[in-house]
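Novice: Residue numbers (the UniProt record's numbering): 1 to 171. All residues carry an ideal CB built from backbone N, CA and C; glycine is no exception.
#1: If you draw a straight line from the C-alpha of residue 122 to the C-alpha of residue 91, how long is it?
#2: Taking the alpha carbon of residue 118 as the point to measure from, which residue in 89, 100, 124, 143 has its own alpha carbon closest?
#3: Apart from the five residues just before and just after residue 128, which ones in its own chain have a Cβ nearer than 7 Å to its Cβ?
#4: Note the first and the last residue of the continuous beta strand (DSSP E) segment covering residue 85.
#5: Leaving aside the five residues before and after residue 95 along the sequence, list all residues of the same chain whose C-beta is less than 7 Å from its C-beta, in chain order.
#6: Who does residue 71 pair with in a DSSP beta bridge?
#7: Using 8 Å as the cut-off, can you tell me whether the segment 12 to 28 makes contact with the segment 52 to 60, which would need three or more C-beta pairs spanning the two stretches below that distance?
Printed below as a string of structure tokens:
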């Protein structure tokens, strides 16, 4: 593929991920009560069951499976599986909460140049992998071009705006 520079599609941000669920209700409970997402209004013109949630600058669109019994059931936690990752303020607090919730998880660590990043991996009710990390420790260094930044410094203004939006939604 030809090398592409810049932003050829003029993208602004990640809008949402879409997940097929055995039970939309169970998934809403998980994403709301485990990860802190907020249910938001979904267009009424859809002719299929689902739900929309929002948090941390992204949406999660849950879609009810047409054949929930045929969905594969993942039990093994494999950090190399498809997943979405969230940064956290305290890995200790996350691990404590996962234990309290009796959620099975797997720990991992990445080391680069003396910098350590801790990771926790676990599944949502349908086996989709969730990662929680302290990735702020690892700078984002483009292969060529711009200067290095940490993930949180790069996204801080956007995250502050989205947190304000969530507070308004909850009022």
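Specialist: Let me lay it out:
#1: 14 Å
#2: 89
#3: 19
#4: 83 to 87
#5: 120
#6: Paired residues: none, contrary to the question.
#7: yes
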